[in-house]
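Asks:
There are 2 protein chains.
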Amino acid sequence: MKIVIIGVGLIGGSFAKDVKKLHPEAEIIGVDKSDVHLNEALELQIIDRKGDYTDLETADMVYVGIPVNVLVTELPKILDASGDETVVMDAGSTKRLICEQVSDHPKRRNFMACHPIAGTEFSGPAAAFEGLYTGKTMIICEVEKTAFKLQEKALAIFQDIGMRIRYMNPEAHDKHIAYVSHLSHISSFMLGKTVIEKEKNERDIFDMAGSGFESTVRLAKSSPDMWTPIFEQNKDNVVETLEEYIQNLTTFKQLILDNDFENVHLEMSNTNKIKQILKGIPLTKK
Amino acid sequence: MKIVIIGVGLIGGSFAKDVKKLHPEAEIIGVDKSDVHLNEALELQIIDRKGDYTDLETADMVYVGIPVNVLVTELPKILDASGDETVVMDAGSTKRLICEQVSDHPKRRNFMACHPIAGTEFSGPAAAFEGLYTGKTMIICEVEKTAFKLQEKALAIFQDIGMRIRYMNPEAHDKHIAYVSHLSHISSFMLGKTVIEKEKNERDIFDMAGSGFESTVRLAKSSPDMWTPIFEQNKDNVVETLEEYIQNLTTFKQLILDNDFENVHLEMSNTNKIKQILKGIPLTKK
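Going down the list, the sequences are from chains E and Y.
Numbering of the first sequence is given in this note's numbering, commencing with residue 674 and proceeding in unit increments.
Numbering of the second sequence is given in this note's numbering, commencing with residue 674 and proceeding in unit increments.
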């Protein structure tokens, strides 16, 4: 089996590690615009050798883990270079624009639009680890547009890795993911900003902040290179979630100002049911 | 040594466990308005026996871990009942009102105003565990108002548990803690609310939400009984932090609407320095 990983960072690198564990005989070829990352991936034995798009013609499987703005321009070229038996899977956090971009591509049937609900706030080859995908959800969009034989090949790998599969259309994906992922990142970034602006003395933040703050602000460590194009491609949905979030915060603030602490309590009690919801979310164990 | 724990939940119960480990000979007496909690604490061997305020006269040390609205009314009564050698320490998340409330109390010198930066989103005796306080910060307010001998007794215990001590005035405490703790809780509760309102189908939240959402929304599991009076007592500071947070979110939303993704990127890059700040925060390991 010949597998090409385009983008050898956290997402691509972790996929390579899981596949190598399942198929030790597979040849894993890395493609990345950063030669530093490629060398790092080689050293960490994430890939067996460096490659380029000429390797795609004979690849069984191509997994693309690159920022979504680059994905939009690279995906057509990747499909151009792919062979008839090659299945190309992306891992982009947005799906509408990406699916549109290749909807009329002559090799559309070689593409499977994917979004693994897996990741950490870190990036680069050194952040990759075995098991990132285990127990996580793989969202697949427009599955009917992928050739049946290639669907089978991709699904077999996802199942062997231990992923749960969910099918969805790209518009629904982008709308829901804005709430459960994109909004969390913005709320965390802006929390970090608000605290940093106020607490000029960083020593005070250490001393007074507990694990609650650490948890809530964790996503503010995420890569701006990765997240800026996500917000750009999912602009309408992200703005909608932000407006609702700001509205909820404003209402809560007004309840406090009005000394209406009965309703402050009620707002929190109603939200406590998140406990039950969170029980269903698989955690990342490294 | 005779130690009375008033409020045998996460905070009081964990303190009892740490003290018992250091001083196995100490008698730990539990006082709580909930007899269910007291029985649970007995069963879990967090306390040696149940007690009441008549035990305070001969106690060496009293640790009060109850919601701040109850603390404000109970603390004067607790001091009334305490003996000359008793040091009474609270664990309230607000400090200004509590210090004001007892500022003219004839036994003010028996009181040490404390706020341990330690906790989890869980509550009750079953949530208590050994080691919650180790490596964490204990903030002490108006230390000069506590009798020197009693200061020494309290500090010795905190140091033996492995806590870092920081001194602060009550106003500064309430102002800073609004940023690094109270705001995190509200941002998390309102994130949970926004997502729950939108995602009527809870199954969709499980399937699409990853560990990032889980982390950001974790504090929305916290107890409304505990947090409502905190927001009430720290109203002015909490409203101020909320206004700044809402302003930052509104600015970020406007940058997206204006397609100013260069500044969207810059906002996130500037906030990435939270990485360095977070390195100094001790995590809760259970």
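Every residue, glycine too, gets a C-beta built ideally from N, C-alpha and C.
From a predicted model like this one, the values you see are computed outputs, not experimental measurements.
1. Using a C-beta to C-beta distance shorter than 8 angstroms, which residues of chain Y count as neighbours of Tyr852(E)?
2. Can you check DSSP and say which residues form a bridge with Pro789(E)?
3. Under a CB-based cut-off of 7 angstroms, is Tyr918(Y) close to chain E?
4. Are the beta-carbon atoms of Gly797(Y) and Gly682(Y) separated by less than 7 angstroms?
5. Have a look at Gln927(Y), Asn910(Y), Glu913(Y), Gln906(Y) and flag the residue whose alpha-carbon is nearest the alpha-carbon of Glu916(E).
6. Taking Cβ positions, are Thr767(Y) and Asn907(Y) nearer each other than 7 angstroms?
7. Could you check the C-alpha separation between Asn712(E) and Thr759(E) for me, to the nearest Å?
8. Taking the C-alpha atoms as reference points, what is the distance between Gln949(Y) and Ala851(Y)?
9. Taking CB distances under 7 angstroms as the criterion, tell me whether Lys959(Y) reaches chain E.
10. Would you mind telling me which residues of chain E sit closer than 7 angstroms to Thr889(Y), beta carbon to beta carbon, in chain order?
11. What three-state label does DSSP hand Asp618(E) in the structure shown?
12. Straight-line CA distance for Glu844(Y) to Cys772(Y)?
13. What does the alpha-carbon distance come out to for the pair Asp962(E) and Asp877(Y)?
14. Could you tell me whether the Cβ of Ile679(Y) comes closer than 7 angstroms to any Cβ of chain E?
15. List, in order along the chain, the chain E residues whose C-beta lies closer than 8 angstroms to that of Asp847(Y)?
16. Does DSSP put Ile679(Y) in a helix, in a strand, or in coil?
17. Between the beta-carbon of Gly738(E) and the beta-carbon of Ile684(E), is there less than 7 angstroms?
18. Starting from Ile838(Y), trace the beta strand (DSSP E) both ways and give me its first and last residue.
19. Would you please state the rounded distance, in angstroms, between the beta carbons of Thr901(E) and Leu856(E)? I believe it to be under 8 angstroms.
20. Under a three-way DSSP split, which group does Asp777(Y) fall into?
21. When you compare only the Cα positions, how much space is there between Thr923(Y) and Ile919(E)?
22. Using DSSP's beta-bridge definition, name the partner residues of Tyr736(Y).
23. Compute the Euclidean distance between the alpha carbons of Glu716(E) and Arg722(E), then round it to the nearest angstrom.
24. Does the beta-carbon distance from Val775(E) to Ile903(E) come in below 7 angstroms?
25. Residues of chain E with CB closer than 9 angstroms to the CB of Glu940(Y), please, in chain order.
26. Just the C-alpha distance for Phe862(E) and Lys750(E), rounded to the nearest angstrom, thanks.
27. Can you give the beta carbon distance from Lys780(E) to Leu752(E), rounded, assuming they're within the 8 angstroms contact cut?
28. With a CB to CB cut of under 6 angstroms and the five nearest residues on each side skipped, what residues in its chain are close to Lys959(E)?
29. Using the DSSP secondary-structure output, state which residues sit across from Val745(E) in a beta bridge.
30. Anything in chain Y within Cβ reach of Arg839(E), meaning under 7 angstroms, just list it in chain order.
31. Is there a C-beta anywhere in chain Y that falls below 7 angstroms from the one on Asn921(E)?
32. List the residues that DSSP assigns as beta-bridge partners of Gly703(Y).
33. What three-state label does DSSP hand Lys959(Y) in the structure shown?
34. Give the range of the alpha helix (DSSP H) segment to which Asn936(Y) is assigned.
35. Note down, in chain order, each residue of its chain lying with its Cβ closer than 7 angstroms to the Cβ of Asp705(Y), except the 5 sequence neighbours on either side.
36. Taking Val890(Y) as part of the alpha helix (DSSP H), name the residues at either end of that continuous run.
Replies: Quick look at the numbers:
1. Thr867, Val868, Lys871, Glu872
2. Met811(E)
3. yes
4. yes
5. Gln927(Y)
6. yes
7. 25 angstroms
8. 21 angstroms
9. In this prediction, Lys959(Y) scores a pLDDT of 47, lower than 50, which makes its location untrustworthy; no coordinate-derived value is stated.
10. Ser857, Ser860, Ser861, Thr889, Leu892
11. The structure shown does not extend to residue 618(E), since chain E is modelled only from 674 through 959, so no value can be given for it.
12. 10 angstroms
13. Lying outside 674 to 959, the shown extent of chain E, residue 962(E) is not represented and no answer is given.
14. no
15. Those do not exist, as Asp847(Y) stays about 11 angstroms from chain E at its closest Cβ, beyond 8 angstroms.
16. strand
17. yes
18. 837-841
19. With 8 angstroms as the limit, Thr901(E) and Leu856(E) do not qualify as a contact, their Cβ atoms being about 16 angstroms apart.
20. coil
21. 7 angstroms
22. Ile678(Y), Met762(Y)
23. 10 angstroms
24. no
25. Phe862, Met863, Lys866, Pro897
26. 34 angstroms
27. 4 angstroms
28. Low per-residue confidence applies at Lys959(E): pLDDT is 48, beneath 50, and the placement is therefore not dependable, though the value from the model is reported in the following sentence. Excluding residues within five positions, the ones whose Cβ falls inside 6 angstroms are Phe802.
29. None; Val745(E) has no bridge partner.
30. Asp880
31. yes
32. Ile678(Y), Lys723(Y)
33. Reliability fails at Lys959(Y), whose pLDDT of 47 lies under 50, so the model's placement of it is uncertain and the value that follows must be treated cautiously. Note: Lys959(Y) maps to coil in three-state DSSP.
34. 934-944
35. Gly680, Val681, Leu711
36. 884-890
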